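Residue numbers (this note's numbering), protein chains in the order written: chain A, 1 to 657; chain B, 658 to 1314.
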């Protein structure tokens, strides 16, 4: 890190690092594993590598970004960058050279690879009963003998054909019906929300109409465009939550709102609104429809994301007793929220349980339905905040713990979100310490293709869990989390501050350097998993539960977590591995379930009221449990179901060493 | 009218005439009876006489208005007119001189006298049960043992104290509650709409909160600011409907929308929206409150005004079978309509009966309640369109006829709206033909004060009815409507085209010329009253009614119509004069009733469905009845209740001459 290096951060990926002065932005992006489109091979002829330089002091990043921190705007750039764009800070990444610290925003259209949300089309048994239904009717034309008003005429036909009663009509829909009914020859499909409100009339029989289910995670926002007529997921897309600029976790965003009372909340709200509009546009575009064809949106998110999305000051969430502004579910006109879908569309926001257990957790519950089952299940939803629910149809308790974003791939040196090039599977031979891995976007494992073909860029959440578990199983990592530096192997070396183990060699990557896992990376994973484990123990104590009958692993961390390796790592207490079920982004599934089945919304309202929230910090034993759970898999607990699997630790009670 | 004269029209009053080239706008305004503020006496020092020159071709006025049709902008004007205003066409009326035809808009703040809506505070027996009610509650503070969300906490308190259940909260209100509850120390007044939706919370006990009732007439818009806590009318204000630029009557506005499909409707909608915002601002200002303190608005108007206000294409109202877009009442967020009152406020729009019998008529009905009574009543609502309702609690029929704006003071040479200086009462001595009159804004009659004190400017609707009836009684006007030119009297003279009779002499006016009633003015009144009379006859035929037991005269034409003179004129069939009741602006009263009593809204919805609409034009006898009714009071019908009163015609059946 000398003076000839400058700090560079790429948004929205959040990748950061120091790069030599004089290098182009495109060069820097490759060094830091950020994919920017570049078709012409830096000949300055394609204009695909447009990026925007953000100005200002970025507190969390300790970085001052100025447009003058780049080489002056070159005449060639003006071929692709209009004057208005230039004034907004746009540059071509292949031309602009680094002179000082910069924060660079890579717009959607310039991004080289999109994040992957796995199993978007997970087959959930959803009874199709969406919030918006299209009803086809043919109306009698008005005459002097039958001069009834157009709305009443429409209502009468809907009542006669479908038994719909007491319908209202959205004001914007009302403005158009007279002209639309006549243009359609009085044969129309009426789009009705919750059998209560007419949103639009469309000519003839309309077979397809759409809704968007959205999961606003602290770090990642996932969107599922669904065909409401068929129930199919048409397009899945995701993006980094654009609020990351204002803080990486929930508390720092609440703090940002408090420290910037004038416009902090407004800026974060606008960032997520714009983000959702981008996703609505991109999914609609990919499906060949218009954003106006999206007739409803369901939204889930933790309490802070929920509040900020709604423009509600989140400051009281940050102070005991952490009451939210509102628990219940909401239906708000998209236009009131600034969401650019159908102008009459409603946005259904799922209810909140308690302070930190938000609508995302409710969504997980309606997707997994523990309240219908006898078995004692633990649901772990892993995100920047970890949420836990324990129980069955008798009783459900929930809690929340700050896991940090490590299990989502952040705060890990080579961590990245689940985008192409992210290592998601890792296997280490305990004998040779040879590593095999699989990167997102590749069908084959690393040992099945030539090194140059792999193009790994980093490690995502599921990859880091497997890597640490495998390193532990291979003896590279000790139970305390320390890397055993005494093992002679070329992959194991002393890094800057601590030992590190090479997962992918430089020649297998697109970033030109080894992808490693270091002691400090492992520490971040331990902190996260230790908090989850300790939280689970407290909940078990509250319910008087000795053993888990089922564990459900949810989270948008890339591919499904491998059950065995998650248990080896000690993410949760012992359970029959057959009954450990990774379900991917269950919060997103819940948003989709609510979009496609209106009865599940009622269920969400009910369960949100029934779940009992447990504040972990009021339990004095939490601290002790946390310390014990920092070990891999645990300092004291036995894991009878890992008998024969666990190579480096106790698997039965009492074998503590 | 020589070449040295130019055409000048003042808006929003609609006063027009020809004025000598070289005169200032202020001079022209005095000549045409338009009051513009001028405090400094044309010394160019007060800047109060700002007006705006409208550019363009005004079809209905056959006038091309250009800013160059005035003397160039003088340096002195820039002392009062900012550059931005100058570019919008602002001038000082005391400086700018006429060079060509111009349409001049006199902004609210420059107007010398405001329209008077009489009996704004008419004492109606309204049970106070407004749409918005303020509930005071004190909430327990949240604690770790009671971490309930803020909305739920509020709801619980409202349920406990007032039994309110199933409340929702407006989205914008939700955004503010957490901060407001804490700032108020958890003691707040909750403003709740229809016991259904929370609109706002305010600190402590709030004693006063407000609503605005609005009657959108084709020509005049009246607004009543009411204290919802006390039921009192606090401020009454009115303005000319700013849409008059686009056509003086309903059909011409519908035509304007059809002929200008790109933006005709949009322009008219924006004009009335801006007009209502002006009234909300002016009434709030006069009451010492903010427009944001207005928590609900009720709106009535005929079907075309209703549609245009809502931005609904009115074209189908202009074609048989004239179906409206919607009959039922509506509650729409003020923000969706662009109405700038409380951001969470709702606008309640009363229901429509049929094509041309609109929400204004429904408003008259809920104010007068004929559906509760035994007596057979005829309700005449006189406006640019005349609406008729006949019936009692057994059955009600309604109809509509084009009366034109004559009875509102327009299309009459010296006609004007009911503003200070308008002659509203007229008495003529049948012997001497001496005239006494009373102008709005004067306590005394014309013969009780010095001529220079009277400052008459024109005749309003109630004045023209009295003038014609008195002229008839004095023998100046014959039954056919012709002025008898053979009477020797200095007040009777041959005008440009026909005879005219002087009501006010030049020295008694502020316009420096005689105010007269001519044969063509009388013809306009006859057309209007003939249509009303013929319509009433058809409705009586439909119900099989021989005699009227009650006549209710409604309309915003200035002061109350004099019952006797209205019957002498022949505005309606014979009725005991004791039972002819002038009620002023009953549509405005109905808007106020609906604002202050939510049960009356239900009543409005019911009666709008029950009233049977009668299309007069399908009755072949209508034409003949109309011809007969053109006479004063009628060509054939007897008026037994005018026995001993009527000096110049038959008062019993069979005395036709």
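Think of the CB as a built atom: it goes at the ideal place given N, C-alpha and C, for glycine as much as any other residue.
In this text, all values refer to a predicted model and were calculated from it rather than measured experimentally.
> Any C-beta of chain A sitting closer than 7 Å to the C-beta of residue 993 of chain B?
Replying inline: Locating residue 993 of chain B in the second chain gives position 336, counting from the first residue. True, the Cβ-Cβ gap to chain A drops below 7 Å.
> Quick one, which residues of the region 146–168 of chain A are near chain B if we go by CB-CB under 8 Å, in chain order?
Replying inline: Hits within the stretch, in order: 146, 147, 148, 149, 150, 151, 152 and 153.
> Taking the DSSP output, what are the residues bridged to residue 333 of chain A?
Replying inline: The sequence position of residue 333 of chain A within the first chain is 333, counting from 1. The partner list for residue 333 of chain A (beta bridge, DSSP) reads A:346.
> Exposed or buried, which one is residue 1351 of chain B when buried takes at least 16 other CB atoms within 10 Å?
Replying inline: With chain B represented from 658 up to 1314, any question about residue 1351 of chain B goes unanswered, as that position is not in the structure.
> From the DSSP output, which residues share a beta bridge with residue 53 of chain A?
Replying inline: As a working note, residue 53 of chain A is residue 53 in the first chain. Looking at the DSSP assignment, residue 53 of chain A forms a beta bridge with A:104.
> If you check the beta carbons only, do residue 300 of chain A and residue 350 of chain A fall under 7 Å apart?
Replying inline: For the purposes of this step, residue 300 of chain A is identified with residue 300 of the first chain, where counting begins at 1. For the purposes of this step, residue 350 of chain A is identified with residue 350 of the first chain, where counting begins at 1. Cβ distance < 7 Å, so residue 300 of chain A and residue 350 of chain A count as in contact.
> Touch check for the region 1094–1108 of chain B and the region 897–904 of chain B: three-plus C-beta pairs under 8 Å?
Replying inline: Not touching, per the Cβ criterion.
>> Taking 7 Å as the limit between beta carbons, can you name the residues of its chain near residue 911 of chain B, skipping five residues before and five after?
In response: The count along the second chain starts at 1 and reaches residue 911 of chain B at position 254. Result list for residue 911 of chain B: 961, 971, 972, 974 and 975, in chain order.
>> I believe residue 234 of chain A touches residue 228 of chain A by the beta-carbon criterion, under 8 Å. Please report the beta-carbon distance rounded to the nearest angstrom.
In response: Counted from its first residue, the first chain places residue 234 of chain A at position 234. Counted from its first residue, the first chain places residue 228 of chain A at position 228. Cβ atoms of residue 234 of chain A and residue 228 of chain A stay farther apart than 8 Å, at about 10 Å.
> Count the other CB atoms within 10 Å of the CB of residue 1106 of chain B; is the residue buried (16 or more) or exposed (fewer)?
Replying inline: In the second chain, counting from the first residue as 1, residue 1106 of chain B sits at position 449. Answer is exposed; the Cβ neighbour count stays below 16.
>> Looking only at its chain, what residues have a beta carbon closer than 8 Å to the beta carbon of residue 165 of chain A, apart from the 5 residues adjacent to it on each side?
In response: As a working mapping, residue 165 of chain A is identified with position 165 in the first chain. Excluding residues within five positions, the ones whose Cβ falls inside 8 Å are 159.
> With a cut-off of 7 Å, does the C-beta of residue 1155 of chain B fall near any C-beta of chain A?
Replying inline: The count along the second chain starts at 1 and reaches residue 1155 of chain B at position 498. No, residue 1155 of chain B lies away from the interface with chain A (no Cβ there is under 7 Å from its Cβ).
>> Any beta carbon from chain B within less than 7 Å of residue 325 of chain A's own beta carbon?
In response: Sequence index remark: in the first chain, residue 325 of chain A carries index 325 (1-based). Taking CB atoms only, residue 325 of chain A has a neighbour in chain B less than 7 Å away.
>> Let's test the definition: count the other Cβ atoms within 10 Å of the Cβ of residue 395 of chain A and tell me whether it reaches 16, buried, or not, exposed.
In response: Counted from its first residue, the first chain places residue 395 of chain A at position 395. Within 10 angstroms of the beta-carbon of residue 395 of chain A lie fewer than 16 other beta-carbons, which makes it exposed.
> Is the region 1116–1127 of chain B touching the region 1067–1086 of chain B, taking contact as three or more C-beta pairs under 8 Å?
Replying inline: Contact holds: three or more Cβ-Cβ distances are below 8 Å.
> How about the region 660–667 of chain B and the region 754–765 of chain B: do they share at least three Cβ pairs that are nearer than 8 Å?
Replying inline: Yes, the region 660–667 of chain B is in contact with the region 754–765 of chain B.
> Taking the alpha-carbon positions, what's the residue 63 of chain A to residue 628 of chain A distance?
Replying inline: As a first step, residue 63 of chain A is located in the first chain; it is residue number 63 there, counting from the start. As a first step, residue 628 of chain A is located in the first chain; it is residue number 628 there, counting from the start. C-alpha separation (whole angstroms): 38 Å.
>> Can you list, in chain order, the residues of its chain with a C-beta nearer than 8 Å to that of residue 661 of chain A? Leave out the 5 residues immediately preceding and following it.
In response: Nothing can be reported for residue 661 of chain A, as the shown portion of chain A is limited to 1 through 657.
> Would residue 1123 of chain B be called buried (16 or more neighbouring beta carbons within 10 Å of its own) or exposed?
Replying inline: Position 466 of the second chain, counted from the start, is the residue given in the question as residue 1123 of chain B. That one is buried.
> Name the chain A residues whose beta carbon is nearer than 9 Å to that of residue 794 of chain B?
Replying inline: Here residue 794 of chain B corresponds to residue number 137 of the second chain, with the count starting at 1. Chain A residues near residue 794 of chain B: none, gap ~17 Å exceeds 9 Å.
>> Does any residue of chain A have a CB that is nearer than 7 Å to the CB of residue 968 of chain B?
In response: Reading the second chain from its first residue, position 311 is the one you call residue 968 of chain B. Residue 968 of chain B counts as touching chain A.
> Can a CB atom of chain A be found closer than 7 Å to the CB of residue 828 of chain B?
Replying inline: Against the second chain, residue 828 of chain B aligns to sequence position 171. Residue 828 of chain B belongs to the set of residues whose beta carbon lies under 7 Å from a beta carbon in chain A.
> Grouping DSSP H, G and I as helix and E and B as strand, with all else coil, what is residue 828 of chain B?
Replying inline: Walking along the second chain from the start, residue 828 of chain B turns up at place 171. Correct three-state label for residue 828 of chain B: helix.
>> So residue 1034 of chain B and residue 1209 of chain B are supposed to be a Cβ contact under 8 Å. How far apart are they, rounded?
In response: Against the second chain, residue 1034 of chain B aligns to sequence position 377. Against the second chain, residue 1209 of chain B aligns to sequence position 552. Rounded, the Cβ-Cβ distance is 6 Å, consistent with contact.
> Who pairs with residue 859 of chain B in a beta bridge, going by DSSP?
Replying inline: Looking up residue 859 of chain B in the second chain gives position 202. Residue 859 of chain B is bridged to B:846.
> Does the separation of the CB atoms of residue 1270 of chain B and residue 982 of chain B fall below 7 Å?
Replying inline: Stepping through the second chain from its first residue, residue 1270 of chain B is reached at position 613. Stepping through the second chain from its first residue, residue 982 of chain B is reached at position 325. Going by beta carbons, residue 1270 of chain B and residue 982 of chain B fall outside the 7 Å limit.
> So the beta strand (DSSP E) residue 151 of chain A belongs to, where does it begin and stop?
Replying inline: Numbered from its first residue, the first chain carries residue 151 of chain A at position 151. Per DSSP, residue 151 of chain A belongs to no beta strand (DSSP E); it is in the alpha helix (DSSP H), 150–162.
>> I need the DSSP call for residue 456 of chain A, collapsed to helix, strand or coil.
In response: Your numbering for residue 456 of chain A matches position 456 in the first chain. Residue state for residue 456 of chain A is assigned as strand, using DSSP reduced to three classes.
>> Looking only at its chain, what residues have a beta carbon closer than 7 Å to the beta carbon of residue 22 of chain A, apart from the 5 residues adjacent to it on each side?
In response: The residue you call residue 22 of chain A lines up with position 22 of the first chain. Answer for residue 22 of chain A: 97 and 98, listed in chain order.
> Just by C-beta distance, which residues in the region 1259–1270 of chain B are closer than 7 Å to chain A?
Replying inline: Taking 7 Å as the Cβ-Cβ cut-off against chain A, none of the residues of the region 1259–1270 of chain B qualify.
>> Using a Cβ-Cβ distance cut-off of 7 Å, determine whether residue 832 of chain B contacts chain A.
In response: Working through the second chain from its first residue, we reach residue 832 of chain B at position 175. Chain A contact via Cβ: present.
>> Buried or exposed, going by whether 16 or more other CB atoms sit within 10 Å of the CB of residue 452 of chain A?
In response: As a position in the first chain, residue 452 of chain A is number 452, starting the count at 1. So residue 452 of chain A counts as exposed.
>> Using only CA atoms, which one of B:1149, B:722, B:1190 and B:1207 lies nearest to residue 1175 of chain B?
In response: Mapped onto the second chain, residue 1175 of chain B falls at position 518. The candidate whose alpha carbon is nearest that of residue 1175 of chain B is B:1149.
> Does residue 316 of chain A have its Cβ less than 7 Å from a Cβ in chain B?
Replying inline: Along the first chain, read from residue 1 onward, the residue named residue 316 of chain A stands at position 316. It does: the Cβ of residue 316 of chain A has a partner Cβ on chain B nearer than 7 Å.
> What does residue 836 of chain B touch in chain A if you count any residue whose Cβ is under 7 Å from its own?
Replying inline: Against the second chain, residue 836 of chain B aligns to sequence position 179. What residue 836 of chain B touches in chain A: 313.
>> With a threshold of 7 Å between beta carbons, is residue 799 of chain B in contact with chain A?
In response: Working through the second chain from its first residue, we reach residue 799 of chain B at position 142. Look at residue 799 of chain B: its C-beta is under 7 Å from a C-beta on chain A.
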